[in-house]
Structures are given as C-alpha cells and as structure tokens.
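See structure below.
Residue numbers (our numbering): 4 to 198.
Below you can see the structure in the form of structure tokens.
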C-alpha cells in the first residue's frame, strides 16, 4: 500500500509539472541578465532619469534603479580673497574670443579634430565662460580650465594667473592625460557635473 501511494504521488507530481509548463511556459523560468522582452514596451529607452525635489536624482532602468545626490552647482564668484590661502585672483580683462582662437590652434596641434574643439568650447564655457580669471570661491578652482587649486597651472608657466595660453596648455595636458581628448572630458562632465 505504501509503495502504491508513492507511485501515485510521483505520477501526480510529474503530471502537475507538465501541465504547469503547458499552461504557462514561463512558470519555470528564472531571472537572467540575458533575457530580452519581445516588443520592447519601453520605447527602446534603457534608462530613464527623473529629477525629484531636493538634492537627489533617480535613474530607473528595467532591472534596477539608482539614487544619487545631485552635484553641487558651480558658482563662479567675482574676484575675492580665498579665506584659506589669502590668495585673490588678479584683476585682468579677459578676452574669451582670443582664448578660444588660441585653443583652436592648440587642439589642432595635438592632432584632434574640430569635433574635439567643439567639446572643449562647451566644456570650458560651462566651467569658466573662458575667463582667465574665473574663480570659484567655494572650491578654489581657478582659470579657464578651473584647475583645483589654480596654482597647479604653474607647471605650464609662471604666468598661470593671467595668461590664457598657459592655462589652455595646462588644461589640454590635463584633459589628454585623464580623458584622452576634450570629448571624453565633456562626456564625463555631462554625466557627473565636473571633469
């Protein structure tokens, strides 16, 4: 009797598994990163970003979500003394047009195309407005490339405080060493708010 009950139970279990898979073929499926839905309901968007009130952003995808603190906006202050160092940006009259003209030649001299120059213009327009004396009082970043601290640019020349060419050469060297080219720096800046 005990053996007959075991056989009947085993038969019923096997039939149940078969019937479940016939009725719902995905019932036994497990989650997999390789699984792709047919007829993408999400319009092809891999990640959606939502801005929410406060200091956080939310990126949502099909598989997960990420909550990150929003980056602090860059505030460029007029020339003033830094309380930490006693240093103040020099009083100069910036000429963004001539700085960009110099940068165009420096970009070409490195073998980068016009697309890289376009990325550089966007990046440094956002960072400093191409002002040689742009100073961020909250971080201490200085100059066209917003070097932090600005005195780092002394490696490119003693006139780093007032010479746009010195600042541009230092900035392009920094970009090349860290991001390969200006478009890499621009993409990073767009992703995280700084480069």
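Every residue, glycine too, gets a C-beta built ideally from N, C-alpha and C. Quick caveat: nothing in here was measured; it's all calculated off a predicted structure.
Starting from residue i, trace the alpha helix (DSSP H) both ways and give me its first and last residue.
i, result
"residue 177", "167-182"
"residue 192", "185-195"
"residue 131", "That residue, residue 131, is in no alpha helix (DSSP H); it is neither H nor E in DSSP."
On the DSSP bridge assignment, give the partners of residue i in chain order.
i, result
"residue 150", "145"
Reducing DSSP to helix, strand and coil, say where residue i ends up.
i, result
"residue 9", "helix"
"residue 156", "helix"
"residue 162", "coil"
"residue 198", "coil"
"residue 127", "helix"
"residue 116", "coil"
"residue 87", "Residue placement at residue 87 is poorly supported in this model, since its pLDDT is 49, which falls under 50; the coordinates are not used for a value here."
"residue 44", "Residue confidence for residue 44 is low, a pLDDT of 45 falling below 50, so the modelled location carries little weight and cannot support an answer."
Contact check, residue i vs residue j under 8 Å by CB: the rounded distance?
i, j, result
"residue 179", "residue 113", "7 Å"
"residue 172", "residue 109", "6 Å"
"residue 151", "residue 198", "Contact flag wrong, Cβ pair sits at about 11 Å."
"residue 153", "residue 144", "7 Å"
"residue 167", "residue 102", "4 Å"
"residue 106", "residue 123", "6 Å"
"residue 146", "residue 131", "7 Å"
Would you say residue i reaches chain C, if we count a Cβ-Cβ gap shorter than 8 Å as a contact?
i, result
"residue 13", "Structure shown: chain C not included; a single protein chain is present."
Is the region 177-196 close to the region 133-147, with three or more CB pairs under 8 Å?
-> no
Any chance the region 139-146 sits against the region 114-124, with 3 or more Cβ pairs inside 8 Å?
-> no
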